[in-house]
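These notes concern the structure reproduced below.
There are 2 protein chains.
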Amino acid sequence: MGTVTGAVPKQARSRVTRRHLLEAAVACLAEHGWAGSTVAVVAERAGVSRGAAQHHFPTRESLFTAAVEYVSEERSTALRELFQTTPAPRPRAAVVEALVDLYTGALFRAALQLWVAASNEEQLRPQVIELEARVGRETHRIAVELLGADESLPGVRETVQGLLDMARGLGLANVLTDDTARRARVVDQWSKLIDAALG
Amino acid sequence: MGTVTGAVPKQARSRVTRRHLLEAAVACLAEHGWAGSTVAVVAERAGVSRGAAQHHFPTRESLFTAAVEYVSEERSTALRELFQTTPAPRPRAAVVEALVDLYTGALFRAALQLWVAASNEEQLRPQVIELEARVGRETHRIAVELLGADESLPGVRETVQGLLDMARGLGLANVLTDDTARRARVVDQWSKLIDAALG
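Chains X and U, in that order, are what the protein sequence lines are.
So in the UniProt record's numbering, spot 89 of the first sequence is number 89, and the numbers just go up one at a time.
So in the UniProt record's numbering, spot 116 of the second sequence is number 116, and the numbers just go up one at a time.
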């Protein structure tokens, strides 16, 4: 049993190192794009040796897809927790606003860089397609739950999907310029339309 | 006057060369991304000498922003012409579908590559911001006109903006995988929401 007890702090250290690498990878991708993002650059930013980084992530592709996945999961958890104490029916305007917030900021910028790089890089493509499908399904599930949407009714599933497509488009509009003021007006109006559509 | 007469075919040839370069630049950007897109690569693709290409576009940035602008204008013109013979009120579902179509295909992929590159490249950024603002305003104008939307009514402007944001998000969803089937269902449902909202 001595081995097991001794292994615990080492495993904990390893988890902390992994998390630092993943967070540094997202920040690096958002700031410098795929071309400027390598395992070595991320290791330095995270204060981790290059050898240790390569032990966790043998390839550049595995590091960056894992990073976007990790941060997406963190965001999903935070979003669920945000409304955990709010009893249903939750105010839909607040839910729409929180969903749109998922697509502004460093995580979306990093995911976008990865997405666009994957369209030109064959070795990245399958991993990113798989990741996007998984994150997309999870985001849809959270949206349905928080909006209190009844997907057995015709059109409801597509209303929610279109909302998430709109959120993605709003994220894109925010990449080069600060689109906060316009976005607030669009979100306000579409919250009303979504609320009416979901009944 | 001999000079003027003699200059016409030369000017016409020059315009044709320019158009070939711009079309090759959009195709190149959509297929290979910013990193793989240089004036030399585009010149070869267009069957134009590198010197002639550089005469038209002294910098890489000027070639690619001009290319996205040219193709955007072509698309806008085509969209207006599509509904020129359709008397108002035009069928809104058809208009929404045509607007969404602007964001799928090679032009959107090229613009996306340029957009993402501009977020990491300082020398490209101001030109792309200016271009996006111009194309964005023009697309909004066309959307308002074709949808027969009355922007003096509260919320109408934001309803149309949100639709174009959704179209942009649908474009992004189509970059890595063929999203045609899902998109058709979302567009069908959102057409109904838009139609009801615009009255």
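Idealized CB from N, CA, C, for every residue including glycine.
Residues of the same chain with a CB within less than 8 Å of the CB of X/L79, apart from the 5 flanking positions on each side, are A98, L99, L102, I142, L146 in chain order. In this structure, U/A110 places its C-beta atom within 7 Å of the C-beta atom of U/V26. Proximity of U/S152 to chain X, defined by a Cβ-Cβ separation below 7 Å, is not satisfied. If you draw a straight line from the Cα of U/E44 to the Cα of U/C28, it is about 11 Å long. Every alpha helix (DSSP H) stretch that sits fully inside the region 46 to 75 of chain U and reaches 4 residues is listed by chain position as 50 to 56. In the pairwise beta carbon analysis, the region 49 to 64 of chain U is classified as touching the region 15 to 25 of chain U: at least three pairs are separated by under 8 Å.
Rounded to the nearest whole angstrom, the C-alpha separation of U/I194 and U/A149 is 10 Å. Linking U/A46 to U/A24 through their CA atoms gives a straight-line distance of about 6 Å. Between the region 150 to 159 of chain U and the region 76 to 96 of chain U there are fewer than three inter-stretch CB-CB distances shorter than 8 Å, so the stretches are not counted as touching.
Within the region 164 to 195 of chain U, those residues whose Cβ lies closer than 9 Å to any Cβ of chain X are, in chain order, L164, D165, M166, A167, R168, G169, L170, G171, L172, A173, V175, L176, T177, R182, R183, R185, V186, V187, D188, Q189, W190, K192, L193, I194. Residues R92, A93, V96, E97 of the same chain have their beta carbon placed closer than 8 Å to that of U/S191, with the five preceding and five following residues left out of the count. At least one C-beta of chain X is nearer than 7 Å to the C-beta of U/I129. For U/N174, there is no enclosing alpha helix (DSSP H), as DSSP marks it with neither H nor E. The CB of U/H32 comes closer than 8 Å to the CB of N120 in chain X, given here in chain order.
Comparing C-alpha distances from X/A67 to each of X/S49, X/F83, X/Q127 shows the shortest one belongs to X/Q127. In terms of beta-carbon proximity, X/T159 lines the interface with chain U, with at least one pair separated by less than 7 Å. Here DSSP, grouped into helix, strand and coil, assigns X/Q123 to coil. Fully enclosed alpha helix (DSSP H) runs of no fewer than 4 residues are not present anywhere in the region 135 to 159 of chain U. Secondary structure note for U/L102: it is in no alpha helix (DSSP H), with a DSSP letter that is neither H nor E. In the same chain as U/A167, and ignoring 5 residues on each side of it, the C-beta atoms closer than 8 Å to its own belong to L99, V100, L102, Y103, in chain order. Note that the C-beta distance between X/L107 and X/A117 is not below 7 Å.
Measuring C-alpha to C-alpha distances from X/E122 to each of U/S152, U/A12, U/H32 identifies U/H32 as the nearest. In the three-state DSSP reduction, U/W115 falls in the helix class (H, G or I).
Against chain X, the beta carbon of U/G36 has neighbours under 9 Å at N120, listed in chain order. Proximity to U/L163 across U/A181, U/T139, U/R134, U/T180 peaks at U/T139, based on C-alpha coordinates. If the five residues before and after X/L63 are omitted, its C-beta is found closer than 6 Å to the C-beta atoms of A25, V39, F57, all from its own chain and listed in chain order.
In this structure, U/L170 is the residue among U/G199, U/A196, U/L170, U/A197 with its C-alpha nearest to the C-alpha of U/R185. Assignment of X/P9 by DSSP, reduced to helix, strand and coil, places it in the helix class. Taking a beta-carbon distance threshold of 7 Å, U/A94 does not count as an interface residue toward chain X.
Taking a C-beta distance under 7 Å as the contact criterion, U/E69 and U/L131 qualify as a contact pair.
Check the Cα spacing between X/Q161 and each of U/R182, U/D178, U/T177: the tightest is with U/R182. Sequence-ordered contacts of the region 11 to 31 of chain X with chain U are nonexistent [C-beta pairs closer than 7 Å]. Chain-ordered, the chain U residues with CB closer than 8 Å to the CB of X/V116 read G33, L112, Q113, V116, V175.
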